[in-house]
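Protein chains: 2
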Amino acid sequence: MTPSTAASAAPRRSRARRGDGDLLRAEILEATRRLLVERGDEELVSIRAVADAVGVTAPSIYLHFADKDALIVEVCEETFRTFDDDQEQAAAAYDDPLESLKARGRAYVSFGLANPEAYRILFMTRSERVIDLAGGSPATALAGVTALAHIVDAVRRCMDSGAFATDDPMLVALQLWTGLHGVVSLLICERGFPWPDRGVLVDRILDMQVRGLAPSSGP
Amino acid sequence: MTPSTAASAAPRRSRARRGDGDLLRAEILEATRRLLVERGDEELVSIRAVADAVGVTAPSIYLHFADKDALIVEVCEETFRTFDDDQEQAAAAYDDPLESLKARGRAYVSFGLANPEAYRILFMTRSERVIDLAGGSPATALAGVTALAHIVDAVRRCMDSGAFATDDPMLVALQLWTGLHGVVSLLICERGFPWPDRGVLVDRILDMQVRGLAPSSGP
DNA sequence: GTCGCTAACTTTACGACGCTAACTTGGTGA
DNA sequence: TCACCAAGTTAGCGTCGTAAAGTTAGCGAC
Numbered sequence: 058m059t060p061s062t063a064a065s066a067a068p069r070r071s072r073a074r075r076g077d078g079d080l081l082r083a084e085i086l087e088a089t090r091r092l093l094v095e096r097g098d099e100e101l102v103s104i105r106a107v108a109d110a111v112g113v114t115a116p117s118i119y120l121h122f123a124d125k126d127a128l129i130v131e132v133c134e135e136t137f138r139t140f141d142d143d144q145e146q147a148a149a150a151y152d153d154p155l156e157s158l159k160a161r162g163r164a165y166v167s168f169g170l171a172n173p174e175a176y177r178i179l180f181m182t183r184s185e186r187v188i189d190l191a192g193g194s195p196a197t198a199l200a201g202v203t204a205l206a207h208i209v210d211a212v213r214r215c216m217d218s219g220a221f222a223t224d225d226p227m228l229v230a231l232q233l234w235t236g237l238h239g240v241v242s243l244l245i246c247e248r249g250f251p252w253p254d255r256g257v258l259v260d261r262i263l264d265m266q267v268r269g270l271a272p273s274s275g276p
Numbered sequence: 058m059t060p061s062t063a064a065s066a067a068p069r070r071s072r073a074r075r076g077d078g079d080l081l082r083a084e085i086l087e088a089t090r091r092l093l094v095e096r097g098d099e100e101l102v103s104i105r106a107v108a109d110a111v112g113v114t115a116p117s118i119y120l121h122f123a124d125k126d127a128l129i130v131e132v133c134e135e136t137f138r139t140f141d142d143d144q145e146q147a148a149a150a151y152d153d154p155l156e157s158l159k160a161r162g163r164a165y166v167s168f169g170l171a172n173p174e175a176y177r178i179l180f181m182t183r184s185e186r187v188i189d190l191a192g193g194s195p196a197t198a199l200a201g202v203t204a205l206a207h208i209v210d211a212v213r214r215c216m217d218s219g220a221f222a223t224d225d226p227m228l229v230a231l232q233l234w235t236g237l238h239g240v241v242s243l244l245i246c247e248r249g250f251p252w253p254d255r256g257v258l259v260d261r262i263l264d265m266q267v268r269g270l271a272p273s274s275g276p
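Here's what the structure looks like:
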């Protein structure tokens, strides 16, 4: 792997006050977040680069984070703090359950594309490492889990309103989620592909989905 | 990163004959493929581990491959050589364009799940590194590109038969592809998640898609 | 038959990486 | 003022990808 290009070393940081160890912790998170966005690839953000950016030596990082993964994941968690809120807000703009659901989907996609590396780390790497959407795991999964729970709710509302055929809301939510994830992840990873306009593609996917879930027209 | 656990060192390999340098090349590919399947993670397959498995020193690898990425990608290409064929065969089992398309989709998903790390490397990592689905790039993209082209054809047949509303076949194919990719990639990455039965989920996604693409029932 | 060429390797080593263990420093409460 | 300990640093281990230079063995030419 190519070594991370050296960059902006901060001046040596003065030591924190007695109870203020967490100040460094916050600075480390901030620097990591910045580097992750700048370099766009977790592998190019080394512990040494982070330490350098903060103005501290590499081992100091380990006073505040168990290992590199823990640091990276915590940054991604922070980034995803507004994940569910964004979708709730977008959905709240519509009264119609179907339009609301679509708006939620568009917000999901927008968020992923706006935070591609965080999205990739949380949803596109082997989960033993990073996320455990299943069990009552750490906060990591929280944004994802509540966002999914809210999709389930939204689906239920669509069923109640008659826009969707009655069915297992979780199962239907998974059908929708995997669809949204599919576009986001391919748009993130296959940048070289001659994609059509993103908005058009996403809208069409959402339309296809909701039409496919509508009650049978026949008797 | 955890170091790759040492494993099965092969005895020192005897040097190849004068014109037979490619024998080693083939052995390297084979060993890499095996290690990639065994360890299930590209990062746990080091050049040294491959060299060890073949019974040769690490730098010898570079006589046959430009760098680690080139080696890994070539292995994935090999793995994906049957990707499109599998789908063509599955699709050929049905006369009905719609059933044929669904069978194609199931084959896509099956292949991805059967070769998770290869799928992850080719379709779930930043493409500057690995694949260039766009331009008349290397063979890498070939399996993916022809598979997509065949989805386009299948979509066109569905439109011709009246099963799908007439539309831009490429755009519709992308809607289908991203959907398939979504399930595959999440099933690969989020193993901890309490997924419903895979077959059921995939079938429902396919049903939702084809229903959503059917011509409007009204006049 | 032996000489030289070159394909097919090996040896050695560099710099970056994640991470650990042991040491230092400076502010603070007693 | 002095001992304590939070908040760091220094030094270093083992691994990684890979470059550069050295070695060896088979083969054609004479």
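Same order as they appear, the protein sequences are chains B and Y. If you count the first sequence from 1, position 23 lands on 80 in my numbering, and the numbers rise without skipping. If you count the second sequence from 1, position 59 lands on 116 in my numbering, and the numbers rise without skipping. Positions of the beta carbon are idealized from the N, C-alpha and C atoms, including for glycine.
Whose C-beta lies closer than 7 Å to the C-beta of residue i among residues of the same chain, with five residues either side of it excluded?
| i | result |
| --- | --- |
| Y/Thr-114 | Ala-108 |
| B/Tyr-176 | Gly-169, Val-241 and Ile-245 |
| B/Glu-84 | Val-111 |
| Y/Arg-255 | Leu-244 |
| B/Asn-98 | In the sequence on display, residue 98 of chain B carries Asp and not Asn. Once the five neighbours on either side are set aside, the close Cβ partners of B/Asp-98 are Glu-174. |
| B/Ile-104 | Ala-115, Ile-118 and Lys-125 |
| B/Arg-70 | Val-111, Gly-112 and Val-113 |
| Y/Pro-226 | Val-209, Val-212, Arg-213 and Met-216 |
Kindly list the residues whose CB is nearer than 8 Å to the CB of residue i, restricted to its own chain and excluding five residues on each side of it in sequence; keep chain order.
| i | result |
| --- | --- |
| Y/Arg-91 | Ala-110 |
| Y/Val-102 | Ser-61, Thr-89, Leu-92, Leu-93, Arg-96 and Ile-129 |
| B/Ala-147 | Ala-160, Arg-161, Arg-163 and Ala-164 |
| Y/Asp-217 | Pro-154 |
| B/Gly-192 | Here the model assigns B/Gly-192 a pLDDT of 42, short of 50, so the residue's position is not dependable, and the following value carries that caveat. Cβ within range, chain order: n/a, list empty. |
| B/Asn-172 | Thr-136 and Phe-137 |
| B/Leu-258 | Val-240 and Trp-252 |
| Y/Ala-149 | Ser-157 |
What are the boundary residues of the alpha helix (DSSP H) that includes residue i?
| i | result |
| --- | --- |
| Y/Ala-123 | Taken as a continuous stretch (DSSP letters only), Y/Ala-123 belongs to no alpha helix (DSSP H), as it is neither H nor E. |
| B/Trp-234 | 226-246 |
| Y/Ser-157 | 154-171 |
| B/Leu-263 | 255-270 |
| Y/Thr-89 | 78-96 |
| B/Arg-105 | 104-111 |
| B/Phe-140 | 140-149 |
Residue i and residue j look like a contact to me (Cβ under 8 Å); what is the Cβ gap, rounded to whole Å?
| i | j | result |
| --- | --- | --- |
| Y/Glu-145 | Y/His-207 | 6 Å |
| Y/Gly-219 | B/Arg-268 | Y/Gly-219 to B/Arg-268, Cβ: 17 Å. No contact. |
| Y/Ala-165 | Y/Leu-237 | The question names Ala, yet the displayed sequence has Tyr at residue 165 of chain Y. Confirmed, Cβ separation roughly 5 Å. |
| Y/Ala-211 | Y/Ser-157 | 6 Å |
| B/Leu-228 | Y/Arg-261 | 7 Å |
| B/Trp-252 | B/Leu-205 | So it is not a contact: roughly 26 Å between Cβ atoms. |
| Y/Leu-86 | Y/Val-132 | 6 Å |
Leaving out the 5 sequence neighbours to the left and right, which residues in its chain are closer than 6 Å to residue i when beta-carbon positions are compared?
| i | result |
| --- | --- |
| Y/Phe-308 | Residue 308 of chain Y is absent from the model: chain Y starts at 58 and stops at 276. |
| B/Phe-168 | Phe-140 and Asp-143 |
| Y/Pro-68 | Gly-112 |
| B/Phe-221 | Cys-215 and Leu-270 |
| B/Phe-137 | Ala-200 |
| B/Leu-263 | Lys-159 and Gly-162 |
| B/Tyr-151 | Ser-157 and Ala-160 |
| B/Leu-81 | Ala-73 |
| B/Thr-182 | none |
| Y/Thr-223 | Met-216 |
Any residues in the segment 256-272 of chain Y with a beta carbon nearer than 9 Å to a beta carbon of chain B? Which ones, in chain order? Residues passing the 9 Å Cβ filter: Val-257, Leu-258, Arg-261, Ile-262, Asp-264, Met-265, Gln-266, Val-267, Arg-268, Gly-269, Leu-270 and Ala-271.
Within 9 Å of chain Y by C-beta, residues of the segment 234-248 of chain B in sequence order: Result list: Trp-234, Thr-235, Gly-236, Leu-237, His-238, Gly-239, Val-240, Val-241, Ser-242, Leu-243, Leu-244, Ile-245, Cys-246, Glu-247 and Arg-248.
For the segment 162-184 of chain Y, enumerate the residues whose C-beta is nearer than 7 Å to any C-beta of chain B, in chain order. For the segment 162-184 of chain Y, which is checked against every Cβ of chain B, the residues closer than 7 Å are Phe-180, Met-181, Thr-182, Arg-183 and Ser-184.
Of all the residues that make up the segment 221-234 of chain B, which are near chain Y by a beta-carbon distance shorter than 7 Å? Here the close residues are Leu-228, Leu-231 and Gln-232.
Please name the residues in the segment 98-122 of chain B whose beta-carbon is closer than 8 Å to at least one beta-carbon of chain Y, in chain order. Listed by position, the residues of the segment 98-122 of chain B near chain Y (Cβ gap below 8 Å) are Asp-98.
Taking only beta carbons into account, state which residues of the segment 132-164 of chain Y come closer than 9 Å to chain B, listed in chain order. Of all residues in the segment 132-164 of chain Y, none is placed with a Cβ closer than 9 Å to any Cβ belonging to chain B.
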